[in-house]
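The sequence shown runs 53 to 906 under our numbering.
The structure appears below as structure tokens.
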Amino acid sequence: MLSGTKGRAEGFLYWDDGESIVKSFSTHKYYHWRFEYSSTEEGASLSIKTEHSASLQIPTLDTLEIFNYRYHPDFNSFQLNNKEIDIDVEISSYDPNTAILYISSEHLIKMTGKGPFVLKDKGWDNGQAYGTLKGCLFSFGSFDGLCDSVNINYPSRAGCNVGQEAAVLIFNERTCKNPTIDRKCWSGDDEEEWEAQLDMHAFAFVPYWATLFVCRFMDPNGQMIGFDVYGGKSGKRGKKNFYYAIRNDGIYFGEKRGEENELIESWDTPCIDASVENMALKASSVPTGTSSVPAAACGKRVVGYYTGWGTREITEDQIRRLTHVIFAFVATQADGSIGFGAVSNEPDQGDAAAKAMQRFNDLRSKVRTAKSGTKMLFAVGGWENSQYFSSIAADPTKRANFVNHVANFLRDQQIDGVDVDWEYPVTGGATEGIPADKQNYVTLLSDLRTRLTNLATELGRTVPYEITLASAAGEWTIRPGYDLSGIMQYADFINVMTYDYYGAWGSQWGAYTGPPSPLFYGSPPGFSGKLNADFTMKYYSCRSGKPSKLNMGVPFYGRYWENVGAAIDANDEMWRTADAVGGVYQGGYLAWKDIPTKGWSRDSASFHEKTKAPYIYDSGSRRFLGFENVQSLQHKVNYAIERNLGGLMIWAIDLDDYSNTLLDVISSADLCSGGSGDTSSYQCVPIDDIRWWTPENSGPDTQIKVSEVYGHSVRILLISTVFAKGQCGKSAPLINGYYPVCDPDDPGYSCCGPAGYCGSGSEYCTCEMCVDYRTNPQKILDPPTQPTRPIQWYTMNAPEGQRGRCGSSVPTINGQIAICNPDDPFKHCCSNGGYCGTGAEYCECNGCVDYKTQ
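Next comes the structure, spelled out in structure tokens:
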């Protein structure tokens with residue numbers, strides 16, 4: 053049966069034996085039933101009347117289909133001839149896409165029954181769906197039957213000029229009268245978003261692949277006071293591109309991008325008019341209210357990025373759990389101007405600007421109405437939109453244009469600051485920079501600080517504008533690209549991107565699986581020990597001296613690999629290698645909220661104790677996933693407390709699930725318990741330059757300059773190609789004129805062993821001739837750090853047969869007899885056989901020479 057627009061409908065059903073041919077309706081045996089339907093807010097009734105009967109054995113009816121049913125049913129029985137009939141709620145269903153209600157009962161209903169029965173329906177008092185329904189009767193085979201289209205419950209204005217989509221009206225005390233009620237709404241098109249809800253709410257239907265909206269309402273104490281379902285209609289069934297906007301008076305949706313905004317403008321019954329809303333926004337152009345985030349009590353931070361392209365909309369509840377929220381991104385152009393637009397190289401970016409603007413405006417409105425003291429910033433740049441920064445920072449005209457555009461954007465949008473996400477100055481980004489980027493970055497920030505300070509004065513703004521940075525995690529990018537002492541003069545804080553250490557890409561070590569954000573070192577032998585958050589945060593803290601200005605980044609996502617092989621080490625299942633397909637490694641990025649719907653079970657995860665990171669390896673599909681979970685995030689929270697960091701940063705808020713599982717861990721962190729100010733517990737390296745050979749600066753083709761250093765004079769003696777990686781001690785090739793030591797910040801290479809190589813473990817760190825630089829970085833300064841006399845000895849880079857040799861039996865060095873290094877405590881004597889070493893056989897024999905005493 054087909055429902056009309058005023059709560060009344062009728063339908064017909066014809067039935068015959070299906071065998072005899074119809075020659076005349078007057079003689080043909082058939083049944084004809086009329087269905088009469090009416091509905092009110094309290095319920096609905098349906099009666100079945102026999103219009104024509106015949107001497108036939110009629111069937112029974114166990115399923116009713118009601119087209120264009122206005123409300124989601126909340127009943128499990130109905131009345132038939134004054135008898136309660138149970139409904140099979142597992143078979144009965146409601147399809148909001150077609151607005152058809154299916155009712156099934158194990159009891160048989162005779163078609164001849166004439167008594168009406170009542171459907172016990174819950175009447176929703178807060179709105180109904182608008183749309184178009186096409187219904188067809190008597191269809192069979194290729195015959196479509198008798199079809200008709202009905203515009204259902206259209207308001208007088210909404211939707212009249214923008215196609216067949218309209219609005220779900222929410223206009224009640226939950227949304228208008230009580231601003232402290234938190235509302236979370238979403239579209240039923242997003243199938244995975246229903247997963248968490250189905251366990252919580254007993255629906256009589258499964259709304260997968262249908263267009264509808266649901267809204268959950270929470271009181272200030274976190275108690276749910278309503279969970280409302282709204283039907284809808286769209287041709288975008290089963291797709292994610294059904295466009296909608298949520299406002300205080302309704303959910304507006306359209307078939308094309310932008311239609312939802314036109315509907316908002318055409319709707320004639322808002323809770324408050326636009327002028328009142330704009331006045332409220334203007335009055336709250338600075339943060340109001342007091343933060344309930346524990347970190348805020350001592351000025352520390354919980355920062356969350358919110359993307360302009362995501363699918364999940366931020367809620368006021370999430371905003372209240374942050375001290376800062378940063379919208380990412382506003383696009384940067386070649387001339388230094390900024391504006392909403394595409395910030396990636398993905399195809400089909402035509403609607404990027406409209407979507408970013410919509411999400412930005414929604415965020416801004418919620419930040420101000422939340423009244424939680426949360427500051428809102430916007431970010432410029434990002435991985436695929438940083439290509440213009442180098443020229444902008446170098447060119448005074450472009451730099452001034454950029455600074456003025458940022459200032460104008462802050463003034464016009466009435467928000468609290470800017471986050472500069474230049475990825476990356478000098479090197480390491482999608483677009484390589486130039487060496488001058490390092491100083492030009494400081495100049496750019498200096499100009500920006502001056503302009504925003506003046507703007508705040510012009511506007512009488514009592515809260516200073518904030519300037520923040522998103523910065524790199526790898527030393528190979530930080531060291532050449534960031535003047536941290538210069539940057540810290542102008543930045544309020546830095547969001548350190550301590551993630552993406554591992555992903556489905558190649559490196560000089562191969563395509564190793566691993567966690568995207570390991571907290572500590574736990575890599576295989578031969579790997580750099582700096583691919584972890586601990587190294588990165590220590591580097592920033594020690595080099596800047598400002599841990600209070602540092603936020604450690606945590607990813608609300610994982611990275612996966614395909615075509616993954618066996619474990620490298622049988623005792624460590626996490627580290628594996630992946631095989632490339634056509635020269636490309638297969639894998640990708642997966643939001644925390646999407647993990648269960650993409651074929652992964654979080655419950656099957658293993659936890660890697662060394663790195664404090666979870667992972668999943670599926671041997672059947674040869675897939676590997678590294679990600680973050682509650683356990684790993686708690687370790688990061690504890691680390692931030694122990695190291696007295698200024699805060700934690702999240703990429704990104706819209707990647708969390710709808711229970712805010714990960715955000716709960718971060719926002720509840722008692723960061724204040726770690727101390728205040730810039731007190732640091734790190735053992736910092738006492739030098740700024742590099743005096744060690746590691747995988748980052750050496751390899752089998754490295755050219756080593758063997759220099760003669762004496763006082764302030766340097767003379768190049770020879771250049772030789774050697775394998776210098778990891779060499780240390782007084783017999784190793786000099787690095788920048790210094791005896792090489794081992795890197796205290798690289799736990800895999802922090803100790804110098806007796807053979808003159810850096811490593812870890814007892815054979816490198818705890819033996820009699822070992823030197824442990826990680827435990828005591830000050831040993832780097834133990835004299836002599838440079839040769840005390842001109843070099844006249846063979847080092848470890850010398851050819852075979854000369855390495856470690858001395859005396860007249862080997863070639864001379866610059867015309868002089870080769871000696872042993874007097875600075876080397878283990879090889880300062882030349883034996884009578886022409887070898888360098890120590891002990892009686894090298895120093896006290898007949899013909900031996902101790903150059904330490906010469």
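Every residue gets a Cβ at the ideal spot worked out from N, C-alpha and C, and that includes glycine.
Just so you know, these numbers come straight off a predicted model, no measurement behind them.
| query | How is the alpha helix (DSSP H) around P448 delimited, first residue to last? | reply | 448 to 465
| Should L642 and L685 be called a contact, given that it needs their Cβ atoms to be closer than 8 Å? | no
| query | Is it the case that the Cβ atoms of Y534 and K490 are separated by a distance below 8 Å? | reply | yes
| request: Thinking V458 and L500 are a contact (beta carbons under 8 Å), I'd like their distance in whole angstroms, please. | output: 6 Å
| said: Taking a contact to mean a Cβ-Cβ separation below 8 Å, would you say E527 touches K582 in this structure? | reply: yes
| task | Pick out whichever of G800, I530, P842, Q844 has its Cα sitting closest to the Cα of T827. | result | G800
| query | Which of the three DSSP states, helix, strand or coil, is assigned to Y816? | reply | helix
| task | Output yes or no for whether 8 Å exceeds the beta carbon distance between M428 and V377. | result | yes
| field | Spatial distance of A348 from E815 (CA atoms) | value | 47 Å
| If you draw a straight line from the alpha carbon of G805 to that of C900, how long is it in whole angstroms? | 26 Å
| query | Between which two residues does the beta strand (DSSP E) carrying D369 extend? | reply | Where D369 is concerned, there is no enclosing beta strand (DSSP E), although the alpha helix (DSSP H) it sits in stretches over 368 to 372.
| query | In the region 499 to 544, which residue ranges form an unbroken beta strand (DSSP E) of at least 3 residues, counting only runs that do not cross its ends? | reply | 518 to 523
| query | Does the distance from the C-beta atom of A525 to that of R611 stay below 8 Å? | reply | no
| said: Among the candidates T502, V432, N506, D447, whose CA atom is the shortest distance from the CA of E475? | reply: V432
| said: Using only the alpha-carbon positions, how far apart do I693 and G434 sit? | reply: 28 Å
| query | If you draw a straight line from the alpha carbon of N873 to that of S802, how long is it in whole angstroms? | reply | 24 Å
| query | Out of curiosity, what's the CA-to-CA distance linking F454 and G566? | reply | 39 Å
| request: Would you check if there are 3 or more beta carbon pairs closer than 8 Å linking the region 410 to 420 to the region 505 to 517? | output: no
| request: Count the C-beta pairs between the region 611 to 626 and the region 652 to 671 that are closer than 8 Å, then say yes if the count reaches three, no if not. | output: yes
| field | 8 Å contact criterion, which D586 and L571 should meet: CB distance rounded | value | 6 Å
| Under a three-way DSSP split, which group does I832 fall into? | helix
| How would you call A383, buried or exposed, if buried means at least 16 neighbouring beta carbons within 10 angstroms? | buried
| message | For a quick check, are the C-beta atoms of V345 and M701 less than 8 Å apart? | response | no
| Along the chain, which unbroken stretches of the alpha helix (DSSP H) at least 4 residues long are found entirely within the region 558 to 583? | none
| query | Say the cut is 7 Å; is the CB of I871 nearer than that to a heavy atom of the ligand FAD? | reply | As far as ligands go, the structure on display features none, and thus does not contain the ligand FAD.
| request: Count the other CB atoms, across all protein chains shown, that sit within 10 Å of the CB of Q868; report buried if there are 16 or more and exposed otherwise. | output: exposed
| CB-CB under 6 Å to H104, same chain, minus the five flanking residues each way: which ones, in chain order? | H84
| said: Spatial neighbours of R451 within its chain, please: C-beta separation below 7 Å, excluding the five flanking residues on both sides. | reply: G388, I444, A445, L496, D499
| request: Would you grab the beta carbon distance between N696 and T731 for me? Rounded to a whole angstrom, and I think it's under 8 Å. | output: 6 Å
| said: Does E625 come out as helix, strand or coil in the three-state DSSP assignment? | reply: strand
| Where DSSP assigns a beta bridge to N696, which residues make up the other side? | DSSP output for N696 lists no bridge partner at all.
| query | How many angstroms separate the CA atom of G792 from the CA atom of G672? | reply | First, the residue type needs correcting, since residue 792 is Pro and not Gly in the sequence shown. The straight-line gap from Cα to Cα measures roughly 47 Å.
| field | Sub-8 Å separation of S569 and Y553 beta-carbons | value | yes
| request: Could you check what DSSP says for C736 in three-state terms: helix, strand or coil? | output: coil
| query | Where G469 and P738 are concerned, what is the direct C-alpha to C-alpha distance, given to the nearest angstrom? | reply | 35 Å
| In three-state terms, what does DSSP make of H84? | strand
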